[in-house]
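Under this note's numbering, the first residue of the sequence shown carries the number 91, and numbering increases by one thereafter. Note that the Cβ used here is the ideal one computed from N, Cα and C, for glycine as well. One structure below.
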Amino acid sequence: MRESLGTKPLPDSAESKALLRASGAVRQIERRLFLKQGLSLGALTLLTGCDVTDTGAVQSVLNGISRWNDRAQAAIFNSERLMPTYPESQAVKDFRYNAYFGENQIPKIDGASYKLNLSGLIDRGRPWTLPELYQLPQESQVTRHVCVEGWSMVGKWTGVPFRTFLQRIGADLTAKYVGFECADGYYSSIDMASALHPQTFLTFKISGEILAPRYGYPLKLRIPTKLGFKNPKWITAIFVTNRFPGGFWEDRGYNWFAGV
91 MRESLGTKPL PDSAESKALL RASGAVRQIE RRLFLKQGLS LGALTLLTGC DVTDTGAVQS
151 VLNGISRWND RAQAAIFNSE RLMPTYPESQ AVKDFRYNAY FGENQIPKID GASYKLNLSG
211 LIDRGRPWTL PELYQLPQES QVTRHVCVEG WSMVGKWTGV PFRTFLQRIG ADLTAKYVGF
271 ECADGYYSSI DMASALHPQT FLTFKISGEI LAPRYGYPLK LRIPTKLGFK NPKWITAIFV
331 TNRFPGGFWE DRGYNWFAGV
């Protein structure tokens, strides 16, 4: 198997910044980062007595804390512990839209020509069409989506267990990371243990219906063991790697593991 990181865009490239400015997403990103920075600096001052006017020292300490937090969460993660499930009657049908841009900027994906591209430590790396994905064995789960912004919702998601898909494509299950690239320029990654968790799904449906564009059509990762920003939508590529891939929000200071 040959390892490749695909075509993940650099988070601060001129192209990325232009896209974000055009969509009005900069304000959304700045709001999230302002909230995060305020909480982080407050905690840092209380815990370390660090001079918050020394931005270099502050960032160094925050980065160290974030890395320690990722290691601690990974160490205590139980790949067999299931998140709570709920009766279908509790699933919200009009699920909340959430992205770093408005609904008028949702990617327009043609299902007839859609291809899911695969790369990295995978034996069978041919692209998959949407009809081929729909033929995979599917299951449903009713679990809670928890957003970093403080809200949560219960939804019914239907798709293929990610472990099943990784096995089907001959992915190296001893590799460290699985990464995702999306039609909106978003990108994310998870650890292999989380990828193999029984409740981690590649989802095609919500509330028994094919994903609407606002929910990530045609393909969304559903991973209830992690915060919402680790559940990428509009997935166009998946890669398996031993090199740390980062993520859209993680490269801007969010914790990478992001467990619930």
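- In this structure S230 is not in contact with T254, their Cβ atoms being roughly 14 angstroms apart against a cut-off of 8 angstroms.
- Within the same chain, and ignoring the five residues on either side of A273 in sequence, the residues whose Cβ sits closer than 7 angstroms to its Cβ are P197, I199, W324, T326.
- A contact between stretches requires three or more CB pairs, one per stretch, nearer than 8 angstroms, and the region 274-287 fails this requirement with the region 215-234.
- Between V232 and Y176, the C-beta spacing is below 7 angstroms.
- In this structure, the straight-line span from the alpha carbon of W346 to that of F294 is close to 25 angstroms.
- For the 7 angstroms CB-CB criterion, A348 and K320 form a contact.
- In this structure, DSSP gives F347 a state outside helix and strand, which the three-state scheme calls coil.
- Using a Cβ distance threshold of 7 angstroms, L311 and P322 count as a contacting pair.
- The criterion of a C-beta distance shorter than 7 angstroms is satisfied by Y305 and I296.
- Using a Cβ distance threshold of 7 angstroms, F185 and G245 count as a contacting pair.
- Shortest Cα-Cα distance from F270 to any of A261, R216, P335, T264 involves P335.
- For L208, the enclosing beta strand (DSSP E) covers residues 205-210.
- In the DSSP assignment, S230 falls outside any alpha helix (DSSP H) and within the unbroken beta strand (DSSP E) covering 229-236.
- Per DSSP, the beta bridge partners of F329 are S209, G269.
- C-alpha of L317 to C-alpha of V250: approximately 20 angstroms in a straight line.
- Apart from sequence neighbours up to five positions away, the residues of its chain that approach Q180 with a beta-carbon distance below 8 angstroms are V232, V244, ordered along the chain.
- DSSP places M243 in no alpha helix (DSSP H) but in the uninterrupted beta strand (DSSP E) bounded by 242-251.
- Scanning L211, Q257, Y276 for the CA closest to the CA of L226 turns up Q257.
- Judged by DSSP in its simplified three-state form, D281 adopts strand.
- Under DSSP, T293 shares a beta bridge with G249, K310.
- Residues of the same chain with a CB within less than 7 angstroms of the CB of Y276, apart from the 5 flanking positions on each side, are P322, F338 in chain order.
- In the structure shown, E193 falls within a helical segment according to DSSP collapsed to helix, strand and coil.
- Annotated as proximal: G260 and I212, with beta-carbon spacing under 7 angstroms.
- D262 and G343 have their alpha carbons spaced roughly 29 angstroms apart.
- For T264, the closest of M173, N332, S209 by C-alpha to C-alpha distance is N332.
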